[in-house]
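Q:
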Amino acid sequence: MAGKPARGLVAAFMIAALMISSALSVMPAAARSDEDVGKWIEWARIAWGYFEPGIGLSPKTGIPRASRHFIGVTDWDLGGYLIAIMCAELMGIIPREGPLGADSRIEKVLHFLEVRDLTPYRVPARLYNPETLDPKGDEITNVSDSGRLLIALHILKRYRPDLAERIDNIVARADYARLANDPAAWRTTAGFYKYYVVHGFKFFGFDKYYPVEKALKTFEEIKKGKHIDVYGVSLPVTEITSEPILHTVFELDPGEDFMDYAHRVYLVQEMRYNATRKFTAWSEGDTGLLDPSYVYEWIVTPSGKTWVITPKPITPIIFTRAAFGLYAIYDTPYTRALVEYVEERVGPQSPVRRS
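3 is the number of the first residue of the sequence shown in this note's numbering; add one for each residue after it.
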C-alpha cells in the first residue's frame, strides 16, 4: 500500500466520479511520470467545471444538483460533492479561502445539513430542491444515500478535525438510528452497494444495531456464495457494477480480498471488449434520454444473469467516471485505450458514451 496520496490518483478519481476521496493513501499507487500527473490534473480541472455556479451548482444556495438534466439533490450527491471539494483543494484546483474556495463551499453544505427540513420521521427527505432547499415530495431517504453522506462526513472529520463536533451534531440531528435498525430499509440495497454504504453507519457508531452488523458481513457472504464464469472470470452471483466497487477502493480501506474482486470486475470488462470489440465501463447514471433517463448496468444480477441494463434495455453506455476510475487503479493497455476512446469522442467532461 502507498504511504501517502499520489496526486495522479487523486486527480484520476476526480474524473472518475466527480465524487472523489482524500483517502487515497490506502490505494496501491502506480508510478506515473510528471507528464502523466499533469494530464490527470488537466482532466480533473475539466471535471471540476461541473461544480461551477450556474452549471451543476446553484449560485443562490451553493448546493449542487444531481445532474445537468435534473433539478434535485440527494444525500448521495451531497456526499460526493463534499469529497470532491476536499480533493479539489488538495490538488490546487480551488483555494481554501474566497467566495468559491473550499471553506465557503463546505460551509454552505454543512449549514444546509444543520437547518434543512426533515421528514415527520426525523430523517432526511430523499430529494431536496437545490434552489429553494425545500424537500421534493414526501419520500424519505434510504440507507444507500445516507451511507454515502455519512462516509463523506467521516472523511471530512479527518480532513478538517476542527469541524468534528459540528459534524457529530449534524448526524445527531437526524434519526439515523431509525434507518440503521430497520431490516426493511436494508433490503433496499444488496451486494457491493450494501457493503460500501454500511461503512458510513459504522463510522458513526451505528454498528451496534443488528441490521448494520449483519450488512458489514456482506462481503464475506459474497465470497462464500455462488459464483459463475463470465468470459473466464469467476464472479459472485450478486449485483455487480463498477460504481460501488470504485467508491470502496478509493474511499475506504479494502483488504487484499476485496482488491481481488475489484480486479475481477475490471478484468471481465476487458474480456468483454476482447470478445466483442466493444469498450466496456459499466456503471450507473444519466442516459441523456427521456426514457429511461437513468440506468443501472449490471455485469451480474442476483439471479445470475449477465450484462443486463435496468430499468429497460438500451445500447450500453461507457460511463466516463468508470472508465477513468478503472484507469486510475489499473494502468493497462486496455484502460489506456478505453480512456483515449472516450477522450477522443466526447471528452472527459461528458457523463456518457454509447458503445
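The beta carbon of each residue, even a glycine, is placed where N, CA and C say it ideally should be.
Treat the numbers as computed from the prediction; the structure is a model and nothing was measured.
#1: Excluding the 5 residues preceding and the 5 following Ile95 in the sequence, name in chain order all residues of the same chain whose CB lies nearer than 7 Å to its CB.
#2: Applying the 10 Å Cβ sphere with the 16-neighbour rule, what's the burial state of Tyr212?
#3: Is it a yes or a no for the stretch 239-256 touching the stretch 271-291, going by three-plus beta-carbon pairs under 8 Å?
#4: First and last residue of the beta strand (DSSP E) that includes Phe321?
#5: Can you look up Ile142 in the DSSP assignment and give me helix, strand or coil?
#6: Go ahead and pull the three-state DSSP assignment for Gly306.
#7: Using the Cβ count rule (16 or more neighbours within 10 Å means buried), how would you classify Pro66?
#8: Are the CB atoms of Ile319 and Trp309 nearer to each other than 8 Å?
#9: Taking the straight line between their C-alpha atoms, what separation do you get for Ser305 and Ser285?
#10: From the DSSP secondary-structure annotation, give me the bridge partner or partners of Ala127.
#11: Express the C-alpha separation of Arg168 and Phe206 in angstroms, rounding to a whole number.
#12: Based on the DSSP output, what are the partners of Gly287 in its beta bridges?
#13: Mind checking Asn171: buried by the 16 CB within 10 Å criterion, or exposed?
#14: What residue does the alpha helix (DSSP H) around Pro213 start on, and which one ends it?
#15: Report the residue from His229, Lys228, Ile230, His201 whose alpha carbon sits nearest the alpha carbon of Lys216.
#16: Could you tell me if Val111 is buried or exposed, where buried requires 16 or more neighbouring beta carbons within 10 angstroms of its beta carbon?
#17: In angstroms, rounded to a whole number, what distance separates the CA positions of Phe72 and Glu54?
A: Looking at the coordinates:
#1: If we look at Ile95 and ignore the five residues flanking it on each side, its Cβ neighbours are Ala46, Arg47, Trp50.
#2: Exposed, since its Cβ has fewer than 16 Cβ neighbours within 10 Å.
#3: With a cut-off of 8 Å, the stretch 271-291 and the stretch 239-256 count as touching, because enough Cβ pairs lie within range.
#4: From DSSP, the beta strand (DSSP E) with Phe321 extends over 319-321.
#5: It is a strand residue.
#6: Here Gly306 sits in coil by DSSP.
#7: Residue environment: Pro66 is assigned as buried (16 or more neighbouring CB atoms within 10 Å of its CB, all protein chains considered).
#8: For the 8 Å CB-CB criterion, Ile319 and Trp309 do not form a contact.
#9: If you take the alpha carbons of Ser305 and Ser285, they lie about 18 Å apart.
#10: Ala127 is bridged to Ile142.
#11: Phe206 and Arg168 have their C-alpha atoms spaced approximately 13 Å apart.
#12: As a beta-bridge residue in DSSP terms, Gly287 pairs with Val297.
#13: Exposed, by the Cβ-count rule.
#14: Pro213 -> alpha helix (DSSP H) spans 212-217.
#15: Relative to the Cα of Lys216, the nearest Cα in the group His229, Lys228, Ile230, His201 belongs to His201.
#16: Val111 should be labelled buried.
#17: One C-alpha to the other measures close to 16 Å.
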